[in-house]
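For the sequence shown, the positions run 1 to 209 when UniProt numbering is used. In this text, a Cβ means the ideal position worked out from N, Cα and C, and glycines have one as well. Single-structure report; data block below.
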Amino acid sequence: MTKKLLHLYFLLFLSFCFGQQNKEFKEVKNFYDYQRYMLNNEFKKRFDKEVSPEQKMTVKNDFKEFMLKLDSIQNAALLNALVRVKIREDLNGIQLKNTNTKQTPSPKKSDLSSDAQYPGGFELMRKQLVESFYSDAILANEKVLKTSLVFVVEKDGSISSVKADGDNFTFNRQAEIALYLLPEKFSPAYVKGTAVRYRFRLPLAMNFD
């Protein structure tokens, strides 16, 4: 498998906008994590029963093949979740527009009491993004693929409204999914002691070595 190294560079800016929950992604991940757990147990039983090294190697190869297929199936489920979320965001945006709901003006940088922070810092966030990134779906004709991710940290610390803007459509979608799969919530930003919605811009590049 081609080795892929993910580099993240962070730029921050503020604004308010509507958002969505990412429960769909958690549900998909939890379901397939359980399937992996069950498959691992079954293949371990088969492996332990075999006596010859050749048969044990066959079991190991079968296990790897099953896991690769499961990864692909999970990715299809995550893509469906992404589509559902984006459709809901679009519908909410139309509803807000039809009701003439005004967005809260963006705060000034000087008004911030504290920025939104990811538990463990952005280096841990980078590591978790790399671990969740399904690079097997990407066929790259270039050595470096780039995109710019924009997402909102909600008042409760969850993320929403994730959008990637880059030349490679598949890379964009996988980057969005990886961001939604972050296991921890942010600490929200505050203005004068009140939690506010906070937008991040995250330029992202992947090297294909």
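To the nearest whole angstrom, what separates the beta carbons of residue 153 and residue 122, a pair I think is in contact under 8 Å? Not a contact, Cβ separation roughly 13 Å.
So, residue 78 versus residue 177, is the Cβ gap smaller than 7 Å? yes
Consult DSSP for residue 93 and reduce its assignment to one of helix, strand or coil. helix
Mind listing, in chain order, the continuous beta strand (DSSP E) runs of no fewer than 3 residues lying wholly within the segment 145-206? 159-166, 189-191 and 194-196
Do residue 90 and residue 189 count as a contact pair if the criterion is CB distance below 7 Å? no
Would you mind reading off the limits of the alpha helix (DSSP H) that contains residue 139? It is not in any alpha helix (DSSP H) - residue 139 carries neither H nor E in the DSSP assignment.
By DSSP's criteria, residue 117 is part of a beta bridge. Which residues make up the other side? 187
Can you tell me whether residue 125 is buried or exposed? The criterion is at least 16 other CB atoms within 10 Å of its CB, across all chains shown. buried
Report yes if the C-beta distance between residue 34 and residue 74 is below 7 Å; otherwise report no. no
Quick check: the segment 35-55 against the segment 81-95, are there 3 or more CB pairs under 8 Å? no
Under a Cβ-count criterion, where at least 16 other Cβ atoms within 10 Å of its own Cβ denotes burial, should residue 29 be classed as buried or exposed? buried
Counted within 10 angstroms of its Cβ, other Cβ atoms place residue 147 as buried (16 or more) or exposed: buried
Considering only their Cβ atoms, is the gap separating residue 151 from residue 200 smaller than 7 Å? yes
Among 174, 206, 197 and 179, nearest to residue 76 - alpha-carbon criterion: 174
Rounding to the nearest angstrom, what Cα-Cα distance links residue 27 and residue 198 in this structure? 25 Å
Distance check for residue 85 and residue 159, CA to CA, integer angstroms please. 12 Å
Chain-order list of residues whose beta-carbon lies under 7 Å from that of residue 218 (same chain, five-residue window excluded): In the structure as shown, the chain begins at 1 and stops at 209. Residue 218 is therefore absent and cannot be evaluated.
Whole runs of the beta strand (DSSP E) within the segment 38-87, excluding any shorter than 3 residues: none
In whole angstroms, what is the alpha-carbon distance linking residue 21 and residue 166? For residue 21, the predicted model reports a pLDDT of 41, less than 50, meaning its position is unreliable; a value from the coordinates is still stated below. Roughly 24 Å separates the two Cα atoms.
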